[in-house]
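Please read the structure below before turning to the comments.
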Amino acid sequence: MMQTMRSNLHALFTLRERGSGKIAVGYAIIGLFVFTAMAAPWITTGEPARQDLLNRLAFPSFAHPLGTDQLGRDVWTRLVYAIQLDFRIGILGMLLPAILGSLIGVASALSPHWLDAAISRLADIIISLPLFVFFLALAGLLGPGSDWGPFGPGELPILLGFTLLGWVVYARLLRTEMHRILAMEYIRAAITGGLPLHRVIIGHVMPNAVGQTLVYMCVDIGLAILSLATLSFLGAGVPLDRPELGGMISASRTVISSNWWLVAAPGAVLALMGTGLALIGDGLDDRLKP
Amino acid sequence: MGFKAGNRSDHLAWRLGGWLAQLAFSILILVLIVFVLTQVAPGDAARLRLGPRASQEEVDVLRKQLGLDQNILVQFGSYVGRLARADLGTSINGEPVSEVIRQRIDKTWWLLVGTSVFSLALSFPLAWLSAYYRDRAIDHVIRFAVLVALFMPVFWIGFLLIRFLALPTGWFPVAGLGSSPMELLRSLVLPCLTGAIAMAPILVRSLRSSLIEVISADYVTVARSLGIRGSALLFRHILRNALGPTIALFSLNVGYLFFGIVILETTFAIHGLGSQLVTASIKKDVNVVQAITIIFAAGVVLANSCGDLVVRWLDPRQGSR
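Top to bottom, those sequences are chains L and D. Position 250 of the first sequence, counted from 1, bears residue number 250 in this note's numbering, the numbering being contiguous throughout. Position 107 of the second sequence, counted from 1, bears residue number 107 in this note's numbering, the numbering being contiguous throughout.
Below, the structure written as structure tokens:
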């Protein structure tokens, strides 16, 4: 039953236990995408926006492995840059809600009963509302905005929205785990033994409580990427001229009968990326199960 | 707890009261969220209506008419008042919002019903196979397929079905909904199938585990030992008890389903509330956005509560927990 933070992280990086097959396949898929995204300047033309109007909707060839789109832009190049953008937003869109939600979850589990109950009722209500519909309406009304520091147009409102909606799941996960562990014998023993409360929490409760959160974090990157793509498709995400997986599908929908791969490729990339992440999460879950 | 019939927490009126209070609170929260939506929308609502060429005086007059010059609490009060009288205002084009909604709500309704039916028709057999052949090859195949499907964008599935099913065969129209009953059914197949594939990952996983729970429950073992087999066992003992968790799960995911409807309407060019929400929010047509989000949110809250009530009615053990 005893699992420490170190063994949780250990579970992420060793390949000789239960669930190793899934984790290995997941790492292979994600590694491939990370490599592709990092090697972008060398394996593509390096200019996702360059148009070649004389060469529109070209079929796949050596110069254009996935052909060109309606504006004669190289689709392979755009796809690689889209993977970069989606992956970055996916990781941030998982991390920010995870941090906020975990803090709320821990605080809630340690609060007096009435506050704990109030927070979890609020979480119940928030989760039951169609928040993505609100978010869509808000993103549309506000528009994409412009660059802000390292974030391109449309990225900041999306991250803000993901954080405001996504914390609920993390807060619930961590709160439940904290309650489960706080009720265990060894915690009572540690408190009776005179260990200060903050050391019990940091040293003994937290390391054992974060397992399920780590599992969900893997899946959540994929879900954040999926949400980003969907919002862009609906016109409320990043502007269509930036290379983004959902935006690329949306832009090519009118030429689907002749150049179907322009629609198929970005979606397949998205599904594969999500599957890789979910496999890592699944394998981790197998491993953390007692 | 709760063996005595007159137990206070089990009392029907008590439970109904709690349910109504929760419903009221949820609706209050969502009205507040929607009101905040309108406040953060950039630009002046009056200016947006009259266009950039209108003079400042005209804009000021309209501002006064719309009550935009008053303080925010007064505005919220009158907003709630208007909502209570079912007055939704007018759209940017000057059309009453209630009219915009009346023209479109039936399409969204058909889509909602169709997608629900298709989702259950697709997910339940998959979950059943997966649970029945637990840890065998077929279970692994279904679970992997469902995992991949979780990350396939709804609109992408739709476009691929259009390209590789509807266009080559010509069986299904690819855009809009038909008007005659037969045409309506035919045009619903593709969007509802798409929606069902998107809902399956969420439903199959949880359904599988609740089916496994039912299959390995004591009363099923007892029924088996009494010699009950085949369809009698399946329908009277297993399906009946699996119905509760299925409905509970479905009503919990109605919010997700509603968002799916928005995407489906945009993908298949169906002029319902969802596609209207998308276009209205981009055109900054605040009143229309408000009305549609409130309808969707109320629908979700209502579906959740109804699901909850049905589940308790089907399985009285739930109420005393």
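Even for Gly, the Cβ is constructed at its ideal location relative to N, Cα and C. Only a predicted model underlies this, so the values are computations on that prediction, with no experimental measurement involved.
Start-to-end residues for the alpha helix (DSSP H) that takes in residue i
i	result
L/SER227	211-233
L/ILE30	20-38
D/SER206	181-215
L/GLY140	131-142
D/THR90	Counting along the chain, D/THR90 falls outside any alpha helix (DSSP H), and DSSP gives it neither H nor E.
L/SER111	L/SER111 -> no alpha helix (DSSP H), and no H or E assigned at all.
D/TYR256	254-267
L/ALA251	245-252
D/ASP308	286-314
D/ILE72	72-84
L/HIS204	Element bounds for L/HIS204: n/a, residue is neither H nor E.
Beta-carbon contacts of residue i that lie in its chain and below 7 Å, excluding the five residues immediately before and after
i	result
L/ARG18	ASP286 and ARG287
D/LEU314	LEU243 and GLY244
L/PRO239	PRO144, PRO153 and GLY154
D/LEU193	PHE118 and LEU161
D/ASN287	LEU88, GLY89, THR90, SER91 and VAL97
L/TRP76	THR44, HIS64, PRO65 and LEU66
L/MET273	PHE33, GLY222 and ILE225
For residue j and residue i, the rounded distance between their alpha carbons
i	j	result
L/GLY67	L/MET38	22 Å
L/ALA63	L/ARG50	14 Å
D/LEU252	D/THR246	10 Å
D/VAL146	D/ARG205	8 Å
L/GLY31	L/MET178	33 Å
L/LEU156	D/LEU165	38 Å
D/LYS284	L/ILE225	26 Å
L/GLN84	L/GLY90	10 Å
D/TRP128	L/ALA190	46 Å
L/ALA251	D/LEU126	34 Å
D/LEU83	D/LYS64	19 Å
L/ARG199	L/ILE181	15 Å
L/ILE29	L/VAL255	29 Å
D/GLY176	L/LEU79	31 Å
D/ARG85	L/LEU141	26 Å
L/PRO97	L/LEU214	13 Å
DSSP-derived helix/strand/coil call for residue i
i	result
L/TRP148	strand
L/ASP74	strand
L/THR68	strand
D/PRO173	coil
D/PRO245	helix
L/PRO48	coil
D/PRO96	strand
D/ASP218	helix
L/MET178	helix
L/ALA190	helix
L/SER257	coil
D/MET152	coil
L/SER102	helix
L/GLY237	coil
L/GLY154	coil
L/LEU57	coil
L/LYS289	coil
D/HIS271	coil
D/ILE228	coil
D/PHE235	helix
Counted within 10 angstroms of its Cβ, other Cβ atoms place residue i as buried (16 or more) or exposed
i	result
L/SER257	exposed
L/PHE35	exposed
D/MET152	buried
D/GLY77	exposed
D/MET182	exposed
L/LEU115	exposed
D/TRP334	Given that chain D is displayed from residue 1 to residue 321, the structure contains no residue 334 of chain D and the question cannot be resolved.
L/PRO243	buried
L/ILE23	buried
L/PRO150	exposed
L/PHE59	exposed
D/LYS107	buried
D/PHE235	exposed
L/ILE280	buried
D/LEU28	exposed
L/ALA117	exposed
Closer than 8 Å to chain B by CB, residue i
i	result
D/THR90	Note that chain B does not occur in the displayed structure, where the protein chains are L and D.
Residues of its chain near residue i, where Cβ-Cβ distance is below 6 Å and the 5 sequence neighbours each way are ignored
i	result
D/ILE294	VAL34
D/VAL289	ALA280 and SER281
Cutoff 8 Å; reference residue i; Cβ partners in own chain excluding five residues on either side
i	result
D/LEU120	LEU203, THR246 and PHE250
L/ARG56	THR68, ASP69, GLN70, LEU71 and GLY72
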